[in-house]
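Residue numbers (our numbering), protein chains in the order written: chain A, 3 to 373; chain B, 1218 to 1714.
Okay, structure coming up:
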């Protein structure tokens, strides 16, 4: 490729993206985990405080209520007229919005006495009178207060069952520490996403709940892919290895970094399309709610699978006597041969430096490739 | 796997996909769309609190609701029982209000002899539950009870033809009534008709079955023996716990003979629509339990269509963007990744269509979202495979062995990751209600397709390319990482050759 030639002539090389994609940039995620920990803790603290102060803005599916979408209005009316019509029917606290340059309106009210009952009928009659829209032009969505509670309970129960099953599966497939690290990451993602929702005040609808649940799946999937590699690489470590568990995990993390970033991008692209197209369509609230929560959650999930999951796992693992001893041994050995950066034994110690360490490549492999 | 086996597995996969689509096209099947995409009315009902509900009762309830909807004349209604709830879906241009009236009404009809009036100033009036509270639709059938009577203002009756003004509930009369003498089961037919005496109001004429006619004859024969002025010479017609009227037995009826023939009439205060709806629910029988509407929503067909278009457009745009990225990242072999995505789309869409036409799976907006999300999952499998392949190349393997080795390790990763996703989908499907289920279904389905695809199509295509003479072409991007600044590590000649 011609650009390979040009970059070859320039020692400082191309941008960060290119270096990441070509895997010549090395990041010391584990060594820097303290910084990431601070970032995460600050973020969590901000959203936790903000979330507690503001609370979540639940949509009528959870609180109970009626949402009316009025189209084809033929009369001139103001939001005030509409609000009066609704309160004449005995429904107080309605939110009214005139849209489409006066041809349509959105009305949402707290729960009516009885869905399909007289109060609701009076309200719809009042609205048709004010707006001149036919009854067929009013799309009505009514939810009873008990139903919302039921949905919430069911979602929470589903979440709990899911967490238990996943923890069991990961503990069996890998080990309990990985399961614990994956669950911690998951909780981190959910708290952050829900917290952002609370602070910004986005309404939480069933669609956002679906999205939150998807984020769980995504976050876990991401974490599992990384852990799969960490498990594979660290399985080769013996007690006389020259690298600590943390360094090996960091290498594994770097190996799957392109995949993590690419996957996040390929997941965010369709969701971004959904968000953009859903936003330009009146009534397609489901699409928009879903896409918004997914967009935020996936971004959070990518971040955490790299800088939360593995550092936490390493922290847990290096408490194990076996890996703690290895770490001690490697560090004391390195104390003596500190300057010998070219020796393969010191690959781990160069990780923290800003100039990336060359990937350990044997001359044999190069010879083979050129053949 | 040898070349022969790879070719066989590729051909077999393509044959199955072609066969599936051939079948779909031959049958002219299209995806079954959910209400939010084709428009319609969706109503979810749940038993009112404080009732004992078992499976048999729910099944009977669904049966009654189905009968009622059939009489409404809606095409292809879908009535399903989910947990303790009953979900009713009426596609197309259904009348939401009419549906609510007809479906949600218990229609528990009771005829009970009146024992006593309870005037508003008597102490008993205050001691019994006020009429303003929610009234139980199914009052105890075999005991004496006190019920509220729908009452109208006296003045209105002076002007013939005028709609009598109904009194607010706190001014309603109360009646003490005897156990049920005649119930909804005794009705053979119910028809709405104009009131023949005034010609203005509407009423529902009841035709009783033979058992009902006998019972009716017996109680009227009994009541006719009472004094004309006696309040007990009346029977109360109770509908859903409210006394709709308490007509007296006329003086023409003879003691111990009663009214024969098995016809009775219920006068209703409302208009023709109300009479027709009442006749319909009486004809189709009472619900065995009282149901409350938990959720009721309507979507206009135009809105549904534009949602569908938006969903498809978003999916298409997402697919194009992902393809462009894969091509940027992987050059020639990225084309194979695009083919994988296209196959993924074909198989998933094909399965959705087939499931829609066989087990009635309806594609909803949430379902489309699930598919769009799974584009990311499918692309991820391609990415994991290719990244793994690069790792193997770097470790010094030949293109061919690297491709094979990359498959086995990426398949393992895919399996672990997809197990978690699939687990999520199953838990969601089993435990959730409403739109979440549609989402979970498509998500689970795409997870399965993804793993299947990796094991057959992706593997064969990649391995065959790796074995072909194109593998060494620069365009394929297989030889080494196309983004790697190879010259730093390799002699410049190697890269510029």
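Beta carbons: idealized from backbone N, C-alpha and C, even for Gly.
*Answer yes or no: does any C-beta atom of chain B fall closer than 9 Å to that of residue 269 of chain A?*
yes
*With DSSP as the reference, please indicate the residues paired to residue 196 of chain A in a beta bridge.*
Its beta-bridge partners do not exist; DSSP assigns none.
_Interface residues of chain A facing residue 1510 of chain B [CB-CB closer than 7 Å]_ = 117, 118 and 146
*If you follow the alpha helix (DSSP H) that residue 1330 of chain B is part of, which residue opens it and which one closes it?*
First-last for residue 1330 of chain B: 1326-1335, but that is the beta strand (DSSP E), not the alpha helix (DSSP H).
*What do you get for residue 349 of chain A, buried or exposed, if any count of 16 or more other CB atoms within 10 angstroms of its CB means buried?*
Bear in mind that a pLDDT of 42 at residue 349 of chain A, under 50, signals an unreliable position, so the model cannot answer this.
*Are the C-beta of residue 1600 of chain B and some C-beta of chain A separated by less than 9 Å?*
yes
*Boundaries (first-last residue) of the beta strand (DSSP E) holding residue 1580 of chain B*: Counting along the chain, residue 1580 of chain B falls outside any beta strand (DSSP E), and DSSP gives it neither H nor E.
*Indicate, with yes or no, if the ligand FMN has a heavy atom lying under 8 Å from the CB of residue 1560 of chain B.*
Absent from the structure shown: the ligand FMN. Ligands present: none.
*Is the shortest distance between the beta-carbon of residue 274 of chain A and the beta-carbons of chain B less than 9 Å?*
yes
*asked:* Let me check one thing: in DSSP terms, what residues is residue 230 of chain A bridge-paired to?
replied: Partner(s): none; residue 230 of chain A has no beta bridge.
*asked:* Taking DSSP's pairing of strands, which residues face residue 1344 of chain B in a bridge?
replied: Looking at the DSSP assignment, residue 1344 of chain B forms no beta bridge with any residue, so it has no partner.
*Would you kindly report the start and end of the unbroken alpha helix (DSSP H) that includes residue 1499 of chain B?*
1489-1500
*Which chain A residues sit within Cβ distance under 8 Å of residue 1489 of chain B?*
The premise fails here: residue 1489 of chain B is roughly 16 Å from chain A at the closest Cβ pair, so nothing lies under 8 Å.
*What does a CB cutoff of less than 7 Å around residue 145 of chain A pick up in its chain, not counting 5 residues either side in sequence?*
Counting only Cβ-Cβ distances below 7 Å, and skipping sequence neighbours, we find 62, 63, 66 and 67.
*Interfacial residues, the stretch 189-216 of chain A to chain B, with Cβ spacing under 9 Å*: Answer in chain order: 208, 209, 211, 212, 213, 215 and 216.
*My understanding is that residue 1455 of chain B touches residue 1347 of chain B, with C-beta atoms under 8 Å, so please give their C-beta distance in whole angstroms.*
Contact flag wrong, Cβ pair sits at about 18 Å.
*asked:* Could you tell me the alpha carbon to alpha carbon distance between residue 216 of chain A and residue 1549 of chain B, rounded to whole angstroms?
replied: 32 Å
*Taking Cβ-Cβ distances shorter than 8 Å, what residues in chain A pair up with residue 1608 of chain B?*
257
*Leaving out five residues on either side along the sequence, give the residues of the same chain with a beta carbon under 6 Å from the beta carbon of residue 205 of chain A.*
59 and 61
_Sheet register partners of residue 111 of chain A (DSSP bridge)_ = A:68
*Where do the ends of the beta strand (DSSP E) carrying residue 1456 of chain B lie?*
1452-1456
*Relative to the alpha-carbon of residue 268 of chain A, which residue among B:1590, B:1635 and B:1632 has its alpha-carbon at the smallest distance?*
Taking only the C-alpha atoms, the option nearest residue 268 of chain A is B:1590.
*residue 1278 of chain B lies in the alpha helix (DSSP H); which residues open and close that run?*
1272-1289
*asked:* Tell me the rounded alpha-carbon separation between residue 1304 of chain B and residue 1262 of chain B.
replied: Straight across, the Cα-Cα distance linking residue 1304 of chain B with residue 1262 of chain B is about 6 Å.
*How about residue 227 of chain A and residue 195 of chain A: are their beta carbons less than 9 Å apart?*
no
*Of all the residues that make up the stretch 1514-1527 of chain B, which are near chain A by a beta-carbon distance shorter than 8 Å?*
Listed by position along the chain: 1514, 1515, 1516, 1517, 1520, 1523, 1524 and 1527.
_Please list, in chain order, the residues of the stretch 1312-1334 of chain B that have any C-beta partner in chain A closer than 9 Å._
1312, 1313, 1314, 1316, 1317, 1318, 1320, 1321 and 1322
*Within 9 Å (strictly less), CB to CB, does residue 178 of chain A reach chain B?*
no
*Sorted by chain position, which residues of the same chain lie with C-beta nearer than 7 Å to residue 1661 of chain B's C-beta, five sequence neighbours on each side aside?*
1639, 1642, 1643 and 1646
*Based on Cα-Cα distance, which residue from A:140, A:108 and A:107 lies nearest to residue 123 of chain A?*
A:140
*residue 183 of chain A CB to nearest chain D CB: under 9 Å?*
Note that chain D does not occur in the displayed structure, where the protein chains are A and B.
*asked:* Can you confirm whether residue 1569 of chain B, when its beta carbon is compared against all beta carbons of chain A, has any partner nearer than 9 Å?
replied: no
*asked:* Tell me the residue span of the alpha helix (DSSP H) that contains residue 1683 of chain B.
replied: Taken as a continuous stretch (DSSP letters only), the alpha helix (DSSP H) holding residue 1683 of chain B covers 1676-1684.
*Classify residue 224 of chain A as helix, strand or coil using the three-state DSSP reduction.*
Helix, per DSSP.
*So which residues of chain B does residue 391 of chain A contact, with C-beta pairs closer than 7 Å?*
Examination of residue 391 of chain A is not possible in this model, given that chain A is present from 3 through 373 alone.
*Ends of the beta strand (DSSP E) at residue 1406 of chain B?*
Residue 1406 of chain B -> beta strand (DSSP E) spans 1404-1411.
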